[in-house]
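Quick note, the sequence shown lines up with residues -26 to -1, 1 to 452 if you use mature numbering (1 follows the signal peptide of the UniProt record, and there is no 0).
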Amino acid sequence: MFLFLLPKVPLMLRVAILHMLHVSQQSKYLDLRTELIIAVLRSLTNPSRPLSISDTQKLAGQAPKLKGRIWVSTYSCPPPPPGETGLQEAIAKAIDGLRNPKAPQPTYQMPEPASIEGEWTGYRASATAESRLPNVSERELYAEMMREVNSPVTVLYFHGGAYYMLDPANHRPTTKTLAKLTGGRVYSVRYRLSPQHAFPAALMDALQSYLALLYPPEGAFHEPVKPEHLVFAGDSAGGNLSLALLQLVLHLNKHTHLIPWHGTPRQIPLPAGVAVNSPWLDITHSFRSCTTNAPFDYLPPPAQQRAAEAHRPACPIWPATPPRKHLYAPDSLLAHPLVSLVLARSWRGAPPVYMCTGWELLADEDKFVAHKMWREGVKVLLEEFEAMPHCFALVMPQLREARRCLEGWAGFIKGVVEGGAGGCGVGESRFVTVRAKSLEEVVGNIGEVWKEGEEVVEERVWRMVTERGITEEGIAKL
């Protein structure tokens, strides 16, 4: 650790001096240790010489040792049998049906379904911090986990990582905590990563995983999960994927679409709720907080990120073939509502939604979507944590603010499942600001969270898309 931090000593000294002199913006809200952690994280996420995408994936994908008070059972969901194209057809119809009719016709490659792994995760109360999993089969591990589950809660979890890195293994501390606090279990999906598997591959994997929980294929460990016991959840890009899956399910329900699934046409019901943490909802980074909130976040603002990308070395997977500007999606789909959720036309009919954000780059887009949901009759609990960075509860779990965030996140999940139909766990829509240090909760008016009109937001997103290779002619039609 010392050798790792040695190059950061000048940075840490500068941050410490500014903090003690009360010159830095953060010093009013954060203690010195937290400000130092954020500064070091910021230097790591925006290096002057970034690694290639391949090397970044390898580094970020290193799994920590599996030990402690946790159950993990890996299940691999098989793809539909040959000739069954229900997943592809449903997604293709949604991409076409949800796009802006004035937008250029998108071009993309529809992926084939694949075998998709997920980690069943539960809390192991009787274990110690050093306990290893017993040397038994995955099915037996699942059975052991279920002996400690005391709630019907099932969380379908999608991890963050900008869609191109990280893994369910990196997120085990979070999924274990959600399982502990809800008394339920978490199914954390190992969806396919970009740039090797561009949109809509991750969305297809999310839909396949949801179907696997509702209608288990032959050989699955679990019994069918009732939709009223299921909650979609995720952080950052996983929050995007959670809400993209919700948009897809809303669209399928609107058009009474049945999906062939392992030989049987199936309905796709809505889950009990959706609970997302610092969701990335505007792939284009067009909102003002992407710049104005930079002092409080470790994520680099877009201009710095683009400058760093110019120095990223090429590798076998990036730049992509055929060429595109964005890691996650084809350029013609960056402003599609299943990619940038801020452009979703409607959330009407959605189940209750929990969303938390900090004073981070993504704060504005999160507030905009939460406000739009509320205006359209969706029950929303929006929690804003003062002076906190992106996904702070995951990267700095030792903070009191992090514990409060995890308790609120899990409390919502448990409430919408055990509270029954109607979302009794969330009650009326609320906007809560959680003050730094004191954790004082200030209830605000969710109707005052956002002022700009949707047309202003849409225009700004499309203006940003011009930087990603879409022609001015196509945008002029909007």
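Ideal Cβ positions, reconstructed from N, Cα and C, are used throughout, including at glycine.
**Message:** Can you find the residues in the same chain that come closer than 7 Å, C-beta to C-beta, to residue 184, ignoring five residues on each side of it along the sequence?
**Reply:** Setting aside the 5 residues that flank it on each side, residue 184 is surrounded in the same chain by 130 and 219, each with a C-beta closer than 7 Å to its C-beta; the list follows chain order.
**Request:** Compare the Cα-Cα distances from residue 182 to each of 148, 104, 425 and 58 and report the closest residue.
**Result:** Across the set 148, 104, 425 and 58, the C-alpha of 58 shows the shortest separation from the C-alpha of residue 182.
**Message:** Assess contact between the stretch 349 to 357 and the stretch 285 to 304, defined as three or more Cβ pairs (one per stretch) separated by less than 8 Å. Is contact present?
**Reply:** Taking 8 Å as the limit for Cβ pairs, the verdict is that the stretch 285 to 304 does not touch the stretch 349 to 357.
**Message:** Relative to the C-alpha of residue 402, which candidate in 375, 192, 79 and 417 has its C-alpha closest?
**Reply:** Looking only at 375, 192, 79 and 417, the smallest Cα-Cα distance to residue 402 is reached by 417.
**Request:** Ignore the nearest five residues each way along the sequence and tell me which others in residue 441's own chain have a CB closer than 7 Å to its CB.
**Result:** Same-chain partners within the cutoff: there are none.
**Item:** Cβ-based burial, residue 263 [other Cβ within 10 Å; buried from 16]
**Value:** Buried, since its Cβ has 16 or more Cβ neighbours within 10 Å.
**Message:** What does DSSP give as the partner residue(s) for residue 206 in the beta ladder?
**Reply:** The partner list for residue 206 (beta bridge, DSSP) reads 130 and 248.
**Request:** Look at the alpha carbon of residue 149 and the alpha carbon of residue 337, and state the distance between them as a whole number of angstroms.
**Result:** Approximately 23 Å between the Cα atoms of the pair.
**Message:** Going by the DSSP bridge assignment, what does residue 93 pair with across the sheet?
**Reply:** Residue 93 is bridged to 48 and 162.
**Request:** Identify whether residue 395 lies in helix, strand or coil by the three-state DSSP scheme.
**Result:** Only weak support is given to the placement of residue 395: the predicted model assigns it a pLDDT of 43, under 50, and the value that follows is read from those uncertain coordinates. Coil at residue 395, not helix or strand.
**Prompt:** CB-CB under 7 Å to residue 101, same chain, minus the five flanking residues each way: which ones, in chain order?
**Reply:** Closer than 7 Å at the Cβ level, and outside the excluded window around residue 101, lie 42 and 43.
**Request:** Could you tell me the distance, in whole angstroms, from the CA atom of residue 106 to the CA atom of residue 202?
**Result:** Looking at the backbone, the Cα of residue 106 and that of residue 202 are separated by about 33 Å.
**Three CB pairs or more closer than 8 Å across the stretch 134 to 152 and the stretch 18 to 35** = Enough Cβ pairs lie closer than 8 Å, so yes.
**Asked** Taking the alpha-carbon positions, what's the residue 359 to residue 303 distance?
**Response** Using only the alpha carbons, I get a separation of about 30 Å.
**Prompt:** Per DSSP, residue 329 is paired with what?
**Reply:** According to DSSP, which records beta bridges pairwise, residue 329 is partnered with 250 and 356.
**Prompt:** Mapping DSSP to helix, strand and coil, what is residue 365?
**Reply:** If DSSP states are grouped into helix, strand and coil, residue 365 belongs with coil.
**Request:** Following the continuous beta strand (DSSP E) through residue 234, name the residue where it begins and the one where it ends.
**Result:** Residues 233 to 235.
**Prompt:** Does the stretch 248 to 266 touch the stretch 312 to 325, meaning 3 or more C-beta pairs lie closer than 8 Å?
**Reply:** Contact between the stretch 312 to 325 and the stretch 248 to 266 is present, with at least three C-beta pairs closer than 8 Å.
**Request:** Please say whether residue 334 and residue 363 have beta carbons closer to each other than 8 Å?
**Result:** Yes; because the gap between Cβ atoms is below 8 Å, this pair is in contact.
**Asked** Leaving out five residues before and five after residue 282 in sequence, what residues of the same chain have Cβ atoms less than 8 Å from its Cβ?
**Response** Excluding positions up to five away in sequence, the list reads 20, 21, 22, 24 and 274.
**Prompt:** Counting Cβ pairs closer than 8 Å, one from the stretch 75 to 90 and one from the stretch 196 to 213, do we hit at least three?
**Reply:** The way I'd put it, the stretch 75 to 90 doesn't touch the stretch 196 to 213; fewer than three beta-carbon pairs between them come closer than 8 Å.
**Request:** Would you list the one or two residues that DSSP bridges to residue 404?
**Result:** In the DSSP output, where bridge partners are listed per residue, residue 404 has 355.
**Request:** If I'm right that residue 108 touches residue 236 with Cβ under 8 Å, what's the distance once you round it to whole angstroms?
**Result:** In fact, because the Cβ distance is near 31 Å, the residues do not count as touching under 8 Å.
**Item:** Separation of residue -7 from residue 229, as counted between CA atoms
**Value:** In this structure, the CA atom of residue 229 is about 60 Å from the CA atom of residue -7.
**Asked** How many whole angstroms separate the CB atoms of residue 69 and residue 174, which I take to be in contact at a CB cut-off of 8 Å?
**Response** Right, the Cβ-Cβ distance comes to about 7 Å (below 8 Å), so this counts as a contact.
**Request:** For residue 254, I'd like the list of residues in its chain whose CB is within less than 7 Å of its CB, leaving aside the five on either flank, ordered along the chain.
**Result:** 210, 211, 213, 214 and 336.
**Item:** Among 372, 3 and 343, the one whose alpha carbon lies nearest that of residue 420
**Value:** Ranking the options by Cα distance to residue 420, first place goes to 343.
**Request:** With residue 276 as the anchor, note down where its alpha helix (DSSP H) starts and where it stops.
**Result:** Annotation: the continuous alpha helix (DSSP H) that includes residue 276 extends over 276 to 283.
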